[in-house]
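Numbering (this note's numbering), first residue to last: 638 to 800. Heads up, the beta-carbon is just placed ideally off N, CA and C, and yes, glycines get one too. Here is the structure we will look at, set down as structure tokens.
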Ligand SMILES: C[S@@+](CC[C@H](N)C(=O)[O-])C[C@H]1O[C@@H](n2cnc3c(N)ncnc32)[C@H](O)[C@@H]1O
């Protein structure tokens, strides 16, 4: 493992935010979710938000990242928290996602949308995931701005709005 990844290993999370900010963003879309939603978490890292999503929704989270040690850490945390059955960690690139049509109720990407470019990232993500997102399913992304705050942008499959 390179020095860069060695330095990063063991951190609780890889992006800005907290369990509380994940819950807050989740609450803003909760009304549109079915019971036990199927969620795709893109760029999950070691998965702090994955755990919150699985725990708070009672649904199932498919968590995607391309750095296997993060996925191993997520699996370890999921087992620790009794969430193994509700989290599937997948090693894949966010720009080459291949999931069944309509397989998800919500696409989530926390602190990772910048990889696709924050301005166009949600739209890029929407086009990459349009077939696996159920009709009217949502996309939620968070991004740190000005070093202090978290911005949320949510797009439905019909329109795009800043909240
Ligand atoms: C800033 S971290 C955010 C991780 C996590 N969401 C969090 O908030 O702790 C960005 C993540 O995206 C992953 N990543 C980078 N490029 C990727 C790609 N092309 N496909 C999938 N994951 C990628 C990195 O491995 C890293 O875990």
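| Query | Result |
| --- | --- |
| Closer than 7 Å: residue 780 CB and nearest ligand 1 heavy atom | no |
| Residue 733 beta carbon less than 8 Å from that of residue 700 | no |
| Nearest-angstrom Cβ-Cβ length linking residue 724 and residue 776, presumed shorter than 8 Å | About 20 Å separates the two Cβ atoms, so there is no contact after all. |
| Close Cβ partners of residue 686 (< 6 Å) along its chain, the five nearest in sequence each way excluded | 659 and 747 |
| Neighbour-count burial assignment, residue 796, 16 or more Cβ in a 10 Å radius | Any answer about residue 796 is weak, because its pLDDT of 34 lies below 50 and its placement is not dependable; what the coordinates show is given next. Residue 796 comes out exposed. |
| Cβ distance (whole Å) where residue 651 is taken to contact residue 683 below 8 Å | 6 Å |
| Classification of residue 721 by the beta-carbon crowding that lies within 10 angstroms, buried from 16 upward | exposed |
| Residue 706 - DSSP class collapsed to helix/strand/coil | helix |
| Start and end residues, beta strand (DSSP E) containing residue 803 | As displayed, the chain neither begins before 638 nor continues past 800, which places residue 803 out of reach and without an answer. |
| Per DSSP, the bridge partner or partners of residue 750 | DSSP, once it has assigned bridges, lists no residue as partnering residue 750. |
| Cβ pair residue 742, residue 675 closer than 8 Å | yes |
| Buried or exposed by the 16-neighbour rule on C-beta atoms within 10 Å, applied to residue 735 | exposed |
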